[in-house]
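Q:
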Amino acid sequence: MLSINIIGIGVASLVAFLLAWIDGANNAGNSLGTLIGAKALPLRRALIIAGVAEFVGGVLYGGFISETILRKVVNPAAFNPISYAVGLTIAMFITFLLILAVTRRRIPFSITQTLIGVLTGFSLGNTGGRATNLALVSGLLGLWIVLPILGIVAGLLSYKLYEFFIGFKKPWMIVILVVTYFNIFSVSTVLLLTPPTGLEYYWYVLIATVLAVFNAIPIYSLIKAAGATRKLELDTGRIFPPEALALSSGMIAFTHGAHDVANSAAPLTGVIAALSLNSTPEEGLTVNPFALLLCSGGLSAGIITWGLRVARTIGEEITVLNNDSAFIANFSASVTTLFLTRMGLPSSMTGLVLGSVAGVGLAKGVGNVNLRLVIRILWYWYLGFALAFAAGLATGWALTIL
Numbered sequence: 008m009l010s011i012n013i014i015g016i017g018v019a020s021l022v023a024f025l026l027a028w029i030d031g032a033n034n035a036g037n038s039l040g041t042l043i044g045a046k047a048l049p050l051r052r053a054l055i056i057a058g059v060a061e062f063v064g065g066v067l068y069g070g071f072i073s074e075t076i077l078r079k080v081v082n083p084a085a086f087n088p089i090s091y092a093v094g095l096t097i098a099m100f101i102t103f104l105l106i107l108a109v110t111r112r113r114i115p116f117s118i119t120q121t122l123i124g125v126l127t128g129f130s131l132g133n134t135g136g137r138a139t140n141l142a143l144v145s146g147l148l149g150l151w152i153v154l155p156i157l158g159i160v161a162g163l164l165s166y167k168l169y170e171f172f173i174g175f176k177k178p179w180m181i182v183i184l185v186v187t188y189f190n191i192f193s194v195s196t197v198l199l200l201t202p203p204t205g206l207e208y209y210w211y212v213l214i215a216t217v218l219a220v221f222n223a224i225p226i227y228s229l230i231k232a233a234g235a236t237r238k239l240e241l242d243t244g245r246i247f248p249p250e251a252l253a254l255s256s257g258m259i260a261f262t263h264g265a266h267d268v269a270n271s272a273a274p275l276t277g278v279i280a281a282l283s284l285n286s287t288p289e290e291g292l293t294v295n296p297f298a299l300l301l302c303s304g305g306l307s308a309g310i311i312t313w314g315l316r317v318a319r320t321i322g323e324e325i326t327v328l329n330n331d332s333a334f335i336a337n338f339s340a341s342v343t344t345l346f347l348t349r350m351g352l353p354s355s356m357t358g359l360v361l362g363s364v365a366g367v368g369l370a371k372g373v374g375n376v377n378l379r380l381v382i383r384i385l386w387y388w389y390l391g392f393a394l395a396f397a398a399g400l401a402t403g404w405a406l407t408i409l
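According to my numbering, the stretch in the sequence shown is residues 8 to 409, in order.
(1) Using DSSP's beta-bridge definition, name the partner residues of V81.
(2) Going by the beta-carbon positions, is the gap between L306 and E74 smaller than 8 Å?
(3) Using DSSP with H/G/I as helix, E/B as strand and the rest coil, what is E324?
(4) Just to confirm, is the Cβ distance from V364 to T326 under 8 Å?
(5) Does the pairing of the stretch 252–271 with the stretch 325–341 give three or more beta-carbon distances under 8 Å?
(6) Span of the alpha helix (DSSP H) holding R379?
(7) Mind checking G244: buried by the 16 CB within 10 Å criterion, or exposed?
(8) Answer yes or no: do V7 and N33 have a C-beta to C-beta separation smaller than 8 Å?
(9) Which same chain residues end up closer than 6 Å to P274 when comparing Cβ atoms and leaving out the 5 residues on each side of it in sequence?
(10) Exposed or buried, which one is S271 when buried takes at least 16 other CB atoms within 10 Å?
(11) Which two residues bound the contiguous alpha helix (DSSP H) that contains P88?
(12) So what does DSSP say about L48, is it helix, strand or coil?
(13) Mind checking L25: buried by the 16 CB within 10 Å criterion, or exposed?
(14) Counting along the chain, where does the alpha helix (DSSP H) carrying S255 start and finish?
(15) State yes or no: is the C-beta of V425 within less than 8 Å of the C-beta of A336?
(16) Please report the residue range of the alpha helix (DSSP H) in which A23 lies.
(17) Taking the C-alpha atoms as reference points, what is the distance between S90 and L406?
(18) Would you call the stretch 120–136 and the stretch 388–401 touching, i.e. three or more CB-CB distances under 8 Å?
(19) From which residue to which residue does the alpha helix (DSSP H) around I310 run?
(20) Among A27, V81, T357 and A92, which has the Cα closest to the Cα of G65?
(21) To which residues of the same chain is G362 closer than 6 Å at the C-beta, ignoring the five residues directly before and after it?
(22) If you check the beta carbons only, do V294 and G69 fall under 8 Å apart?
(23) Evaluate I118 with the Cβ neighbour count: other Cβ atoms within 10 Å of its Cβ, from every protein chain shown; 16 or more gives buried, anything less gives exposed.
(24) Below 8 Å between beta carbons: does that hold for P353 and I72?
(25) Can you give me the C-alpha to C-alpha distance between G358 and L385, rounded to a whole angstrom?
(26) Check this for me: beta carbons of F116 and Y387, under 8 Å apart or not?
(27) Closest to A475 by CA distance: which of V373, N377, F346 and T312 is it?
(28) Does the beta-carbon of F392 have 16 or more other beta-carbons within 10 angstroms, so that it is buried, or is it exposed?
(29) Tell me whether P115 sits in a helix, a strand or coil according to DSSP, three-state version.
(30) Could you check the C-alpha separation between A251 and F171 for me, to the nearest Å?
(31) My output table needs one value for F175: the three-state DSSP class, helix, strand or coil.
(32) Give me the residue from R78, G257 and L77 with the minimum Cα distance to V59.
(33) Can you give me the Cβ contacts of G162 inside the same chain, cut-off strictly under 6 Å, excluding the 5 residues immediately before and after it?
(34) Rounded to whole angstroms, what is the Cα-Cα separation between L282 and M356?
(35) DSSP state of S355, grouped into three classes?
(36) With burial defined as no fewer than 16 other Cβ atoms inside 10 Å of the residue's Cβ, what is the status of P88: buried or exposed?
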């Protein structure tokens, strides 16, 4: 006969998979939206690219944010193991229901904000606040407020850099531009994957730079084949071939998997530790490999099965995108998110992608951006955090009287 603990782990695993699934479905717009807006690839191929990259990013890179959610937002030691496991499972389920509701309305949402809202409310309701890291939560709230602005600035500046290089109307100058973007991503990725010990950072920067420079030859061939030797015009969408946009969208999906897998893998890890060891997670506990694989798979499944619903909002309704502007928006958002992920800061990639897309549009004129839609999405985000917090608070309080 199965023990209660095993049943609890099984239920938590199912809920974690559902949360990862709706996370992938809602946040697929981060990577698929620009591809759809630019009409660069067939939808089936775009879904496969995003799904695979999401899974790889989650498995290889998902531990940084998991640690923050697992131990830094609330102090596990303040709970008994059963309350902790039940609370995490309920928090995941509440988050799933809220994200399911907004996904049906085609609203891109921040799953991380919602989950942390539920966890914060639960902790305050169950322990009276002694387990809650209010300083961290307050800092995250401030970060989430400025994230769209950060994305807008990154997208706008990147597009202005693009205009500067494209003004020379020479293929080799465009190669410099593309290599610059790839070099930024390569350097940031290598640095962020670097453990605290080992070679000095400048060695990793040098390695990444050399790799990016070697990419110049095939990139030049791609650009030349795509017709970059002809007279170049802004907004034609012919500078970056569809393959380059597909690669940048894959990087967005990789980055999203690395960041958002923690939303489900971290709580599931906490449940497994609490119920299998009969103790709350201690210092040094790392994300459970089973949880990481399960939730990375859930993210991919969500993208492939229901990812187009929200993706069209980002790709088609905020601003008009072509291959070039979509490529630039992708890189702006992915590099910024990578740095925040390595710092262990649960951010909102949706906020950064939304901001980057809007920033690219603003670079071409305010009239090119659907500001009403952007404001509406932001309103949903902040209202969603408040609702999540209230639901968590009620749940935590209810468990104290049961």
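Just so you know, even glycine gets a beta-carbon here, dropped at the ideal spot from N, CA and C.
A: If we stick to the structure as given:
(1) According to the DSSP secondary-structure assignment, V81 is paired through a beta bridge with T139.
(2) No, Cβ-Cβ distance for L306 and E74 is not below 8 Å.
(3) If DSSP states are grouped into helix, strand and coil, E324 belongs with coil.
(4) For the pair V364 and T326, the CB atoms are nearer than the 8 Å cut-off.
(5) These segments touch.
(6) Note, R379: alpha helix (DSSP H), L378 to I408.
(7) Only weak support is given to the placement of G244: the predicted model assigns it a pLDDT of 45, under 50, and the value that follows is read from those uncertain coordinates. Result: buried.
(8) Nothing in the structure corresponds to residue 7, since the chain is present only between 8 and 409.
(9) Closer than 6 Å at the Cβ level, and outside the excluded window around P274, lie L95 and M99.
(10) So S271 ends up on the buried side.
(11) Element bounds for P88: P88 to R111.
(12) Three-state DSSP puts L48 in coil, outside helix and strand.
(13) So L25 ends up on the buried side.
(14) Element bounds for S255: P249 to D267.
(15) Not covered by the structure: residue 425. The range shown for the chain is 8 to 409.
(16) Its alpha helix (DSSP H) spans residues I11 to N34.
(17) Rounded to the nearest angstrom, the gap between the Cα atoms of S90 and L406 is 8 Å.
(18) Enough Cβ pairs lie closer than 8 Å, so yes.
(19) Unbroken alpha helix (DSSP H) run through I310: P296 to W313.
(20) Nearest C-alpha to G65: A27.
(21) Taken in chain order, the residues that qualify are P155, G158 and I159.
(22) The Cβ-Cβ distance between V294 and G69 falls below 8 Å.
(23) Classification for I118: buried.
(24) Contact flag set, yes.
(25) CA-to-CA, the gap between G358 and L385 works out to about 8 Å.
(26) With contacts defined by Cβ atoms closer than 8 Å, F116 and Y387 form a contacting pair.
(27) Any property of residue 475 remains undetermined from this structure, which presents the chain solely from 8 to 409.
(28) By the neighbour-count criterion, in which a residue is buried when 16 or more other Cβ atoms sit within 10 angstroms of its Cβ, F392 is buried.
(29) Coil.
(30) A251 and F171: Cα-Cα distance of roughly 19 Å.
(31) In the structure shown, F175 sits in coil (DSSP, three-state: anything other than H, G, I, E or B).
(32) Taking only the C-alpha atoms, the option nearest V59 is G257.
(33) The beta carbon of G162 sits closer than 6 Å to those of A336, S339, S363, G366 and V367, all from its chain and outside the five residues before and after it, given in chain order.
(34) Each residue's CA atom was taken as its position, placing L282 and M356 some 32 Å apart.
(35) In the structure shown, S355 adopts coil according to DSSP, grouped into three states.
(36) The C-beta of P88 has 16 or more other C-beta atoms within 10 Å across all chains shown, which makes the residue buried.
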